[in-house]
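When we follow our numbering, the leftmost residue of the sequence shown carries the number 1419, and every step to the right adds one. To start, the structure under review is shown below, and the notes come after it.
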Amino acid sequence: MGDGAWQERNGWHHVGGPRRTGGWKVEIVMAGLPLQSCSALLTRGSERVLVDTGFSSHDSVLRDGLERAGVTPEQITAVVNTHFHLDHIGCNAMFPAAMVYGSRRDYEWAVPIYESVCGGETRREVFRTFYPEVTDDEFERMDQARVLQLIRWLWDPAMLGEMGRYRWIEEAPWPFEGLRLIPTPGHTPGHVALEVDGDDGTYLVAGDARAFQDEATVGLDMPPHNLAQYQESRRRVDAFRGIIIPGHDEPFRHDGTEAPAPEAAREHEGDSH
Ligand SMILES: [Zn+2]
């Protein structure tokens, strides 16, 4: 399915958008790890856009990363969520001045999962409803990873913050020139990646459309909600020729050269404090 079909079906009017060289400074303020999602800070002028906010339990890691970048949570003007898994939205409430951009479709799929699990539905029932493609084998692996226990421990609607700040990307105007939302469904129904005209190249903040550089690492992540869509989205991500920022790994380029994505944490390692 091409962009046009996606846009038409979902009423997207801002996918694509004007291409402009440079402008956005890209910094990783929370490193992508198997059990910690990457948070990317995009800065241009007075705009400070944070893509994904991690687990709620990683709030101090995120705060420290922002501090190293010289930014307070109050100065973040927008949060973009690639999807609504708990490891990407947990600290949304930390940013009182930010508009939150995410997919309504994804939100309306994910939150009932958390409510069901917390309401005591048995595991297999939950996953037959929300992940109809999941095999017994995959379910066993998720069970071992204690995914559902994690949801019970961590889900609290308060992590979302004030819902009046949410701007659903299927409907709301997209105000950021040089940032383009790329529908990448499959991992979740409404997953989006974000293409960035960076001041040192073009970036793709991939979220879990590409969670890891190396496929061998996969196994800790959730199975795709829709495998065929996931594979189609992966083809689009893999065709991107700039710097890819995976959801749970270090930035990289396909040609194997080291990606120069400046990490706030590293830039300041040499500082004396
Ligand atoms: Zn995810």
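For glycine and all other residues, C-beta sits at the position ideal for the given N, C-alpha and C. Bear in mind that the values here come from a model prediction, so they are computed numbers and not experimental data.
Inset, instruction - Less than 8 angstroms between the CB atoms is what I'm expecting for residue 1665 and residue 1620, so what's the real figure, rounded? - result: 18 angstroms between Cβ atoms; not a contact.
Legend entry - Bounding residues of the beta strand (DSSP E) (the contiguous stretch that carries residue 1586): 1584-1586
Legend entry - Cβ-heavy atom distance, residue 1640 to ligand 1, below 7 angstroms: yes
Legend entry - Continuous beta strand (DSSP E) assignments of at least 3 residues falling wholly in the region 1475-1532: 1496-1498, 1517-1520
Inset, instruction - With a threshold of 16 other CB atoms inside 10 Å of the CB of residue 1554, please say whether the residue is buried or exposed. - result: exposed
Legend entry - Heavy atom of ligand 1 within 7 angstroms of residue 1643 beta-carbon: no
Inset, instruction - Return the chain-ordered list of same chain residues with a C-beta closer than 8 angstroms to the C-beta of residue 1532, the five sequence neighbours on each side being excluded. - result: 1504, 1569, 1573
Inset, instruction - Please determine, among 1476, 1513, 1475, the residue with the shortest C-alpha to C-alpha distance to residue 1410. - result: This structure cannot settle anything about residue 1410, because the visible part of the chain is limited to 1419 through 1691.
Legend entry - Counted within 10 angstroms of its Cβ, other Cβ atoms place residue 1547 as buried (16 or more) or exposed: exposed
Inset, instruction - Kindly confirm or deny that the region 1644-1657 and the region 1598-1608 touch, where touching means at least three C-beta pairs closer than 8 angstroms. - result: yes
Legend entry - Among 1589, 1456, 1595, 1539, nearest to residue 1521 - alpha-carbon criterion: 1589
Inset, instruction - Could you tell me whether the Cβ of residue 1661 comes closer than 8 angstroms to any Cβ of chain C? - result: Here there is only one protein chain, and chain C is not present.
Legend entry - Segments assigned alpha helix (DSSP H), at least 4 residues, entirely inside the region 1640-1672: 1645-1656
Inset, instruction - Starting from residue 1569, follow its DSSP beta bridges and name the residues at the other end. - result: None; residue 1569 has no bridge partner.
Legend entry - Contact between the region 1575-1586 and the region 1449-1467 (3+ Cβ pairs under 8 angstroms): no
Inset, instruction - Report yes if the C-beta of residue 1626 is less than 7 angstroms from at least one heavy atom of ligand 1; otherwise report no. - result: yes
Legend entry - Inter-residue spacing [alpha-carbon to alpha-carbon] between residue 1519 and residue 1559: 32 angstroms
Inset, instruction - Would you mind sorting residue 1537 into buried or exposed? The rule is 16 or more other CB atoms within 10 Å of its CB. - result: exposed
Inset, instruction - Tell me where the beta strand (DSSP E) around residue 1603 begins and ends. - result: Where residue 1603 is concerned, there is no enclosing beta strand (DSSP E), given that its DSSP letter is neither H nor E.
Inset, instruction - Check whether the Cβ of residue 1476 sits closer than 7 angstroms to any heavy atom of ligand 1, and report yes or no. - result: no
Legend entry - Cα-Cα separation between residue 1511 and residue 1502, rounded to whole angstroms: 14 angstroms
Inset, instruction - Would you kindly report the start and end of the unbroken beta strand (DSSP E) that includes residue 1612? - result: 1610-1616
Inset, instruction - Using three-state DSSP, classify residue 1461 as helix, strand or coil. - result: strand
Inset, instruction - Report the rounded CA-to-CA distance for residue 1465 versus residue 1496, giving the unit in angstroms. - result: 8 angstroms
Inset, instruction - List the endpoints of the continuous beta strand (DSSP E) containing residue 1577. - result: No beta strand (DSSP E) contains residue 1577, which DSSP labels as neither H nor E.
Legend entry - Proximity to residue 1668 [Cα-Cα], best of 1624, 1649, 1641: 1624
Inset, instruction - Would you kindly check if the distance between the Cβ of residue 1443 and the Cβ of residue 1617 is under 8 angstroms? - result: yes
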